[in-house]
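Participant: Protein chains in written order, with the numbering used here: chain A, 1 to 195; chain B, 1 to 195. All C-beta atoms in this analysis are idealised placements derived from N, C-alpha and C, irrespective of residue type, glycine included. My questions all concern the structure below.
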């Protein structure tokens, strides 16, 4: 069934607004991006934006969530170590795209603006819940260290990645991911049994 | 030997400038703090500030370093697990003071300003080097897991703390520190031998 014409128009407007917000944020940074500029670039009125979102942070947060969902889900091949390597590798690659610059801007804004902080928390909640679900399946296969809180496990894994990326102490690359996962192994996983 | 009068005057001016920068940053946030306002609050001319520092970020960075050195060094009682608990506890308490708000502001600025990023890196370098030296002494006592890179170990420990603090996903408190240290134990340390 084709959705009614007004629903398709709404969907097109939402996409145009999110794309405009991303472009502007990548060009000018989060602080200098305004709702007026987003509306002008998307070819809609400001009121159209405010019908769906309360602030520029909320527009960007929806965009970030869409990108994140498209490329940084948790795979499940049955091998938790391999799947975590795949997933953190995907996140790392996302950090090096336009998405990374925008996500940085939102996290910077979250240090002082509650709306941005709430948005960052909402996005992370989706990732953390997915990660926890993946770790719970690993637990059923005996791959998770006994007694480990899966939410804490996600923080132990993502903590060093965000630390290094946000504090810009060294490059977050394939080599770093491999190092982190190998060093964390004894805290997170049981030894793989011989196959 | 008493330092000459001009050296004492310089020292007093430097302290007044750093204190003014901290106060203003705590009152208005990093972005709204200007060199003009710092100079006015400290009762010095702008040129006095520029004689010693290149930017407001550099003034704040020196202040952060002084606070950090005063209260977040790595103790050495011979027990690495206890010392890491003490040190991360001290950092956590520092995060909950005015220092925490200023450190947040600098890290937020570091996302887009290279001078702030360089300052954050310089401060962290001091902490990481101290932490590495403490871990090397633990290694000599056989307390560090074999093959673990001590710099990576510091990132594994501080990563979750900064992740949770900067992304504001949950309170960084005594309970959280205890959880992180306990969960990381098998990745970082050897089992304590019976005494």
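Count the C-beta pairs between the region 87-101 of chain B and the region 140-152 of chain A that are closer than 8 Å, then say yes if the count reaches three, no if not.
Facilitator: Too few Cβ pairs lie closer than 8 Å, so no.
Participant: Output the residue ranges of the alpha helix (DSSP H) runs that lie fully inside the region 105-169 of chain A and measure 4 residues or longer, sorted by chain position.
Facilitator: Entirely contained in the region 105-169 of chain A, the alpha helix (DSSP H) runs reaching 4 residues are, in chain order, 114-140, 150-166.
Participant: From this set, 20(A), 77(A), 93(A), which residue's C-alpha is nearest residue 59(A)'s C-alpha?
Facilitator: Residue 59(A) sits at position 59 when you count from the first residue of the first chain. Closest by alpha carbon: 20(A).
Participant: Under 8 Å between the Cβ atoms of residue 94(A) and residue 120(B)?
Facilitator: Sequence index remark: in the first chain, residue 94(A) carries index 94 (1-based). Sequence index remark: in the second chain, residue 120(B) carries index 120 (1-based). Contact: no.
Participant: Identify whether residue 30(A) lies in helix, strand or coil by the three-state DSSP scheme.
Facilitator: Stepping through the first chain from its first residue, residue 30(A) is reached at position 30. Of the three classes helix, strand and coil, the one that applies to residue 30(A) here is coil, per DSSP.
Participant: Examine chain B for any beta-carbon lying closer than 8 Å to the beta-carbon of residue 163(A), and answer yes or no.
Facilitator: For the purposes of this step, residue 163(A) is taken as residue 163 along the first chain, with counting starting at 1. It does: the Cβ of residue 163(A) has a partner Cβ on chain B nearer than 8 Å.
Participant: Locate the alpha helix (DSSP H) running through residue 171(B), then write down its first and last residues.
Facilitator: Locating residue 171(B) in the second chain gives position 171, counting from the first residue. From DSSP, residue 171(B) is part of no alpha helix (DSSP H); its letter is neither H nor E.
Participant: Please tell me whether residue 108(A) and residue 22(A) are closer than 8 Å, where the distance is taken between their beta carbons.
Facilitator: On the first chain, residue 108(A) is found 108 positions in, with the first residue counted as 1. On the first chain, residue 22(A) is found 22 positions in, with the first residue counted as 1. Cβ atoms of residue 108(A) and residue 22(A): not closer than 8 Å.
Participant: Taking the alpha helix (DSSP H) that residue 52(A) belongs to, which residues open and close that run?
Facilitator: Position 52 of the first chain, counting from 1, holds the residue named residue 52(A). It spans 46-52 - the alpha helix (DSSP H) in which residue 52(A) sits, taken as one unbroken run.
Participant: In the structure shown, what three-state DSSP assignment does residue 74(A) receive?
Facilitator: Against the first chain, residue 74(A) aligns to sequence position 74. Coil at residue 74(A), not helix or strand.
Participant: Looking at C-alpha atoms only, which residue of 174(B), 152(B), 91(B), 192(B) is the closest neighbour of residue 175(A)?
Facilitator: Counting from one through the first chain, the residue named residue 175(A) turns up at place 175. Comparing Cα-Cα distances from residue 175(A) to each of 174(B), 152(B), 91(B), 192(B), the minimum goes to 152(B).
Participant: Could you give the distance in angstroms between the alpha-carbon of residue 75(B) and the alpha-carbon of residue 92(B)?
Facilitator: Here residue 75(B) refers to the residue found at position 75 when the second chain is read from its first residue. Here residue 92(B) refers to the residue found at position 92 when the second chain is read from its first residue. One C-alpha to the other measures close to 15 Å.
Participant: For a contact defined as C-beta to C-beta under 8 Å, what are the partners of residue 179(B) on chain A?
Facilitator: One-based indexing of the second chain puts residue 179(B) at position 179. Per Cβ cutoff of 8 Å: 149, 152.
Participant: Between residue 43(A) and residue 5(A), which are expected to be in contact by the criterion C-beta below 8 Å, what is the C-beta distance as a whole number of angstroms?
Facilitator: Stepping through the first chain from its first residue, residue 43(A) is reached at position 43. Stepping through the first chain from its first residue, residue 5(A) is reached at position 5. Going by Cβ atoms, the distance from residue 43(A) to residue 5(A) rounds to 18 Å, so no, they are not a contact pair.
Participant: What do you reckon, are the CB atoms on residue 27(B) and residue 160(A) nearer than 8 Å?
Facilitator: Translated into the one-based positions of the second chain, residue 27(B) becomes position 27. Translated into the one-based positions of the first chain, residue 160(A) becomes position 160. Result no, Cβ atoms of residue 27(B) and residue 160(A) do not sit closer than 8 Å.
Participant: For a quick check, are the C-beta atoms of residue 40(A) and residue 184(B) less than 8 Å apart?
Facilitator: Your numbering for residue 40(A) matches position 40 in the first chain. Your numbering for residue 184(B) matches position 184 in the second chain. For residue 40(A) and residue 184(B), no; Cβs fall outside 8 Å.
Participant: If contact means a Cβ-Cβ distance below 7 Å, which residues of the region 92-123 of chain A contact chain B?
Facilitator: Listed by position, the residues of the region 92-123 of chain A near chain B (Cβ gap below 7 Å) are 104, 105, 107, 108, 110, 111, 112, 117, 120, 121.
Participant: How should residue 195(B) be labelled, buried or exposed, when 16 other C-beta atoms within 10 angstroms of its C-beta is the threshold for buried?
Facilitator: Mapped onto the second chain, residue 195(B) falls at position 195. Low confidence applies here, because residue 195(B) scores a pLDDT of 48, under 50, leaving its location unreliable and the question unanswered by this model.
Participant: Just mark residue 46(A) as buried or exposed, buried being the case when its beta carbon has 16 or more other beta carbons within 10 Å.
Facilitator: Here residue 46(A) refers to the residue found at position 46 when the first chain is read from its first residue. Burial call: exposed.
Participant: Expressed to the nearest angstrom, what Euclidean distance is found between the alpha-carbon atoms of residue 124(B) and residue 163(A)?
Facilitator: Here residue 124(B) refers to the residue found at position 124 when the second chain is read from its first residue. Here residue 163(A) refers to the residue found at position 163 when the first chain is read from its first residue. Rounded to the nearest angstrom, the two C-alpha atoms are 11 Å apart.
Participant: What are the boundary residues of the alpha helix (DSSP H) that includes residue 97(A)?
Facilitator: Locating residue 97(A) in the first chain gives position 97, counting from the first residue. Here residue 97(A) belongs to no alpha helix (DSSP H), and DSSP marks it neither H nor E.
Participant: At the 8 Å Cβ level, is residue 88(B) part of the contact set with chain A, yes or no?
Facilitator: As a working note, residue 88(B) is residue 88 in the second chain. Chain A, which has no Cβ nearer than 8 Å to the Cβ of residue 88(B), makes this no.
Participant: With DSSP run on the structure shown, which of helix, strand or coil describes residue 195(B)?
Facilitator: As a first step, residue 195(B) is located in the second chain; it is residue number 195 there, counting from the start. Unreliable placement is indicated for residue 195(B), whose pLDDT of 48 sits below 50; the coordinate value is still reported in the next sentence. Coil, per DSSP.
Participant: Kindly indicate which residue of 70(B), 85(B), 189(B), 33(B) has the alpha-carbon position closest to the one of residue 140(B).
Facilitator: Taking the second chain and counting its residues from 1, the one referred to as residue 140(B) is at position 140. Cα-wise, what sits closest to residue 140(B) is 189(B).
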